Amino acid sequence: MMKKMKFHPLLVIFFVILILPFINDNINFHHIMIMFLIYAGLGEAWNIITGFAGQTSFGHAAFFGIGAYTSTVLFYRMHISPWAGMILGILLATLVAAVVSYPCFKLKGHYFAIATLAIAEIIKQIFISWEYVEGATGISIPVMDEGILNMQFHTSKIPYFLIAFAIFSIAVLTAHYIEQNKMGFYLKAIREGGDAAEAIGIDTVKYKLFAMMISAALSAAFGTLYAQYILYIDPFMVFTMDVSMKIVLLTVLGGLGSIYGPIIGAAILIPLSEYTRIFLGGTGKGVDLIIFGALIVAVACFEPEGILGIFKKGQRKKRGVDYARATT
Amino acid sequence: MLLQVIASGVLMGFVYALVAIGLTLIWGVMDIINFAHGEFLMISMYTVFWMYTLLKFDPFVSLPVAALLIFVISYLTYKIIIKRVIDAPGLTALLATFGLSLFIRNLAQFLWSPDYRFVTTSLVADKKITMGPVIIGLPQMAAAMGSIIMTVLVFYFIQKTKTGRAIQATALDRDTAKLMGIDTEKVYAITFGISGACVGVAGALMATFFPVYPESGALYSLLAFVIVALGGFGNIKGALYGGIIIGLAEALGGFAFGTQFKYAVVFLIYLLVIQVRPKGLFGW
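Those protein sequence lines, which keep their order, are chains C and H.
Here the first sequence stands for residues 15 to 342, numbered as in the numbering used here.
Here the second sequence stands for residues 8 to 291, numbered as in the numbering used here.
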C-alpha cells in the first residue's frame, strides 16, 4: 500500500508535463519544454552518481558530448540513423565512464571532483583538435527528410518533445528504481561513509562504477537528442564546463539526492534562462545570467537544502534549520 | 629555446601559485570551493584597467588599491553569503559561490561589454631582460617577483603572527579552536579577506600583460583548482610547488605538442600525479 502511494506524485508530474505542450501551442513554450526535459533528465542521471553515491562529478558534459558526437559523426560521415548512433553513443559513453572513472574511484571528495573536471577538459581538447569530427568548427547536421528514422522534424517540435519525454521518463524511473532497491541503499551507504560501507561487505568500487556507467549512459542519450534537435554541435557547446555546471546547479537548486530535485530545479532554471534570453535577446546580453546567479545565491543562503527543503520544512516547522545544521 | 620555455613557464608558475594559494587557504580552512575566485581576479584586473584609463595611474600604483578592494569584497562575501552556507549540507556552499561567480562575470559583461581591453603603458611595459640565451619580458618578471613577495608575506603571516596561528588552529579543528577562545567567525572572515588580497595582487600584476575581459578570470581559476588539488587541499607549500609544476607543464606542453594541447597536458599531469599521491603532492 505504501509503495503505491509513493508512485503517485511521479505519475502526476509525468501527466502534467505530457499534456502541457498540447494546452499551450506556443513554439517558444515547446522549445522550453524540450530543454526542460533534457536538463531535468541530465540532472536525474547526475543525481545517481553524485546525489545517491556522493561522488561529485563536474565532468558530465563529457558523456553528454560523447552521445552527441557519436550519433552526429555517424550520421554526417556514414548516414547511419541517429537511433543506431544513440545506442552506439550510449555504449561508448558507458565504456569511457568505466575506463576513466575506475582509476579515479580511489580519490576522495574534492580530489575526485577535480579529476572528473580534468578528464572532461582533456576530452574537450581532443575533440577541438580532431579533424575527422571537424574540430573546433563543429558539425552542421545535414538536413534530411522529416521522419522518425532520421530523428529530424521540421514542421513541429512535438515529436522532439515526445522523444525527450520518453528518455526523461526512462531517466526518472531508473533513478527511482535504483533508489527503491538494494543498489540505492548501497550507494547511500557509500555516500555516508565509504570505509564503513566497505566494512559491512559492500563492494564500493563495483557499485560506484555501476552508478557512473548508468549515469553516463543516460547522459549520452540526451546528447544525441540535443544534437538532432539543435542540428549543430561543436566542442564548446557540448563539452563545456557550463553544461556540467548547469546540471550540478539545477540539481542542487532543486534538492540533491532526491528524484524530484532535478525536476524542480530544471522547472525553475530552464524557463528563467530561456525566457530571459528570448525577451531580452541580444540587447541585454548577460542579464539572464545576472538574475540567475543572484537567484542561486539567494536560494543557497536562505534554503540550504534546495527548493525541496521548503516542502520538507513544512513538515518540521521552525526546527527545520536546526535539523539541517545538526545533520552535517 | 628550451631554456626560454622553462624560464617563462616557471615565471608564470609563481603567478599561478599566488592565485592557487588564495584558493587553497579557503579550501583548507573552511572546506569551501570558491568558484568566484577567478571573478575576484577579474575584478582586480578591471580595477587596474580603469584606474589606468580614467586616472592615468600606473598598474603598480593601483596594485595596493586593487589588493585592498578585493580584500574588502572577499571579506564582505564571507559576511553576507558564505556565513550562511558554511554549515549547510552537501554542495550548497558550491551553489552559492558558483551563483556569485555567474553574477559577477555577467555583471561585468553587462557593464563593461565582453571586449578585450589592454593596459598598454606601465613602468614595465615593452621592456625586456636578456640573460644569455633567455629573453624575458619585464612585465612577466615583475609579476613573478610580485607574486613571490606576496607568497612570502602570506606564508609569514600564517606561520608567525597570532592571527595566522588562529587560522591554522581553526583549520585543524574548529570546535577545539573555539574552546580555546578563538573567534572562528573572525578567523573565517579574515581568511576570506587574505584569499582575496592574494588574487587582488595577482590580478593587478597580470593586467600588465594579459587582456582584461569578463571571462579573463575563468581560465585561471580552473588552473587554480587543479593546482590546489595537485598540491593537496589547504597546503600553501603544495600550492606553490603545484603552481610551478603547472606553469612548467603549460609552457613545455605547448612547446612540445602545440598550444592547443597545453591544457590537456596540464590536466593529464594532475591525473597521473593523483594516481600515485591520491591526496596531492603534500596532502595527508
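Glycine is no exception: its CB is placed at the ideal position from the N, C-alpha and C atoms.
Predicted model, so just to flag it, every value in this text is computed and none were measured.
Asked, Found
"Candidates C/53, C/160, C/201, C/59: closest to residue 185 of chain C by CA position", "C/59"
"Whether residue 243 of chain C touches residue 48 of chain C by CB criterion (8 Å)", "yes"
"Where the alpha helix (DSSP H) through residue 64 of chain C begins and ends", "Neither: residue 64 of chain C is in no alpha helix (DSSP H) and is coded neither H nor E."
"Unbroken alpha helix (DSSP H) run spanning residue 254 of chain H, endpoints", "243 to 264"
"Where residue 143 of chain C meets chain H, residues with beta-carbon distance less than 9 Å", "265, 267, 268, 271"
"Three-way DSSP call (helix, strand, coil) for residue 144 of chain H in this model", "strand"
"Neighbour flag for residue 203 of chain H against chain C, beta carbons, 8 Å", "no"
"Contact check, residue 228 of chain H vs residue 45 of chain H, beta carbons under 8 Å", "yes"
"Residue 28 of chain H at chain C interface by Cβ criterion, 8 Å", "no"
"Three-pair Cβ contact test at 8 Å for the segment 236 to 250 of chain C versus the segment 116 to 127 of chain C", "no"
"For residue 216 of chain C and residue 225 of chain C, believed in contact at Cβ under 8 Å, the rounded distance", "Not quite, the Cβ-Cβ distance comes to about 12 Å (not below 8 Å), so this is no contact."
"Where the alpha helix (DSSP H) through residue 136 of chain H begins and ends", "Here residue 136 of chain H belongs to no alpha helix (DSSP H); instead the beta strand (DSSP E) covers 135 to 138."
"Short Cβ contact (8 Å threshold) for residue 273 of chain C with residue 148 of chain C", "no"
"Of the residues H/189, H/168, H/166, H/169, the one placed nearest residue 177 of chain H, counting alpha carbons only", "H/189"
"Beta-carbon proximity of residue 80 of chain H to residue 224 of chain H, cut-off 8 Å", "no"
"Beta-carbon proximity list for residue 190 of chain C, same chain, < 8 Å, skipping 5 on both sides", "24, 273"
"Minimum C-alpha distance to residue 83 of chain H - residue among H/270, H/195, H/261", "H/195"
"Expected contact under 8 Å - CB spacing of residue 92 of chain H and residue 214 of chain H to nearest Å", "Between residue 214 of chain H and residue 92 of chain H the Cβ distance is about 31 Å, and since that is not below 8 Å, they are no contact."
"Chain C contact for residue 12 of chain H (CB, 8 Å cutoff)", "no"
"Residue 164 of chain H to residue 150 of chain H span [Cα, whole Å]", "21 Å"
"Extent of the continuous alpha helix (DSSP H) to which residue 10 of chain H belongs", "9 to 37"
"The segment 89 to 104 of chain H: positions lying closer than 8 Å to chain C by Cβ", "91, 92, 94, 95, 96, 97, 98, 99, 100, 101, 102, 103"
"Distance, residue 28 of chain H Cα to residue 191 of chain H Cα", "20 Å"
"Residue 126 of chain H - DSSP class collapsed to helix/strand/coil", "coil"
"Rounded straight-line distance, which links the Cα of residue 212 of chain H to that of residue 250 of chain H", "16 Å"
"Alpha-carbon to alpha-carbon, residue 78 of chain H and residue 30 of chain H", "13 Å"
"Interface partners of residue 307 of chain C on chain H, CB under 9 Å", "105, 106, 107, 108, 109, 110, 111, 112, 113, 114"
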